[in-house]
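Chains as they are written, first to last, in the working numbering: chain A, 247 to 478; chain B, 247 to 478. Don't be surprised by glycine CBs; every beta carbon is placed ideally from N, CA and C.
There are 2 protein chains.
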Amino acid sequence: MEQEHQRQFDKYLEDLKQKLMRMAALAETMIDNTIAELVQRDESLAAKVPDYEEELNRLQLEIDEAALNLLATQQPVAKDLRFILAATKINSDLERIGDLAINITENVRILAAHPPLKPLIDIPRMADLVRKMVRDCLDAFVREDVLLAQSVIDGDDLVDDLKNQILRELLTYMISDPKAIERALALILISRHLERVGDHATNIAEDVIYMIQGRDVRHPRTPKERPADLGL
Amino acid sequence: MEQEHQRQFDKYLEDLKQKLMRMAALAETMIDNTIAELVQRDESLAAKVPDYEEELNRLQLEIDEAALNLLATQQPVAKDLRFILAATKINSDLERIGDLAINITENVRILAAHPPLKPLIDIPRMADLVRKMVRDCLDAFVREDVLLAQSVIDGDDLVDDLKNQILRELLTYMISDPKAIERALALILISRHLERVGDHATNIAEDVIYMIQGRDVRHPRTPKERPADLGL
């Protein structure tokens, strides 16, 4: 009976995992589609993004409900408990990544009404990076892979560098041609939204490490406690 | 004994509440100080912001740890369970508001190196609005006040309007004078950070309503389910 109970509980956790993986896949696709529309200037490419957002929202509610039920009826402890709490946090981050994809689409539509400002290289690169971060932090969650989670956290510096580089380049466009200002600003805002996607992936990666180790890496109190110094 | 146990449990919940209130007060002060520095051009005004952020981070860890312990040892159900889950989510939102205050400070420092672009009216107004949203959503949490939480959600539209107004005005500055571009951009980014503070307050308000009612207002499935239609 105890064994049967454990099997049932594991099934619930597995279901939570599957739903979070689906959310991550949706979030990734939304970013991919909006950036494809931006680069190829073809509005049909992001046509499904609002549908994906709806599914993302629905999954968020389902996961929160399932987590609440599991906590109330199964009274999990230790790592199972941390897993369920992590699921409710990851959940919120993935939903907000979906919101950011919607924000990006709005700026992409502003750009679609004007001739292209410049060939886009850094923004698609930034989008690829943050999509990989989203994929990796969820893989780290499912496989309980601390190293992979840590690589997501470390990768965020590169995203910040790209964001700053994009800002500097677009500032020169703005200063040399007032007609470029609105488009350059839209591109800057897109890069900021992508940066935030990276921030959410970083938050997820931190939650994953906490879940696995029961150790908080979010705000190391001394340099000694930094994960890098622990050989991760 | 049962009564003693309940009293002890209530004390734990009360402690969680106090810590969240302290976090909200810190987040509010951080925004207040950074915007005061921006308006009065006096770097000493935001000097304590990094200390406040450190305290915010510490409180976040303490609350997550306390929540985990409560879930593991007290096995709460129904509203107590929703309260603890809400605390862990509100917690994350408040910590990120602190991060946003730090981001604002960075842009304020850019502006401090240049003569003022224009008298600032809308940004301080926007800051007042979002600070009030932060205060109100936490008051709603502590007093279990659905109406107050709903007013926070409704107030977010005003913040978005202000953000758009600020963008339009600063665009005209940028277009008429290339020397204004960097400063105008810094102000636009500050307004975006403030908007995100409002978003976090809205997220908290939604969590508060869910906690009180066990009903999710985050993504109403049909217009009929919208809180406004329920007379809130």
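With a cutoff of 7 Å on beta-carbon distance, residue 454(A) and residue 376(A) are scored as not near each other.
The Cβ-Cβ distance between residue 448(A) and residue 402(A) falls below 7 Å.
For residue 296(A), the secondary structure class from DSSP, reduced to helix, strand or coil, is helix. Bounds of the alpha helix (DSSP H) holding residue 326(B) are 324 to 358. For the C-beta of residue 323(A), the chain B residues within less than 8 Å are, from N- to C-terminus, 318. Excluding sequence positions up to five before and after residue 435(B), its CB lies within less than 6 Å of the CB of 353, all in the same chain and listed in chain order. Residue contact check for residue 420(A) against chain B: a CB pair falls below 7 Å. Chain-ordered listing is empty here: chain A has no CB closer than 7 Å to the CB of residue 346(B), the nearest sitting near 11 Å.
Around residue 370(A), no beta-carbon contact reaches into chain B at under 8 Å, the shortest distance being about 22 Å.
Per DSSP, the continuous alpha helix (DSSP H) segment holding residue 250(A) begins and ends at 248 to 286. When the beta-carbon positions are compared, residue 280(B) and residue 292(B) come within less than 7 Å of each other. Nearest to residue 296(B) by alpha-carbon distance, out of 398(B), 459(B), 350(B), is 350(B). Setting aside the 5 residues that flank it on each side, residue 334(B) is surrounded in the same chain by 309, 310, 313, each with a C-beta closer than 8 Å to its C-beta; the list follows chain order. Here DSSP, grouped into helix, strand and coil, assigns residue 377(A) to helix. Ranked by how close their Cα comes to the Cα of residue 361(B), the residues 429(B), 408(B), 439(B) have 429(B) in first place. With a threshold of 7 Å between beta carbons, residue 365(B) makes no contact with chain A. Under the DSSP assignment, residue 403(A) falls in the alpha helix (DSSP H) whose first and last residues are 392 to 422. Residue-level contact by beta carbon fails for residue 361(B) and chain A, as no gap is shorter than 7 Å. Look at residue 272(A): its C-beta is not under 7 Å from any C-beta on chain B. In the displayed model, residue 363(B) falls within coil according to three-state DSSP, outside both helix and strand. The shortest C-alpha to C-alpha distance from residue 391(A) to any of 452(A), 415(A), 364(A), 439(A) is the one to 452(A). Taking 7 Å as the cut-off, the beta carbon of residue 446(A) is found closer than this to the beta carbon of residue 339(A).
Put simply, of 413(B), 260(B), 302(B) the residue whose alpha carbon is nearest the alpha carbon of residue 341(B) is 302(B). Taking a 10 Å sphere around the C-beta of residue 294(B), we find fewer than 16 other C-beta atoms and assign the residue as exposed.
Taking a Cβ-Cβ threshold of 8 Å, the residues of chain B close to residue 427(A) are 417, 420, 421, 427, in chain order.
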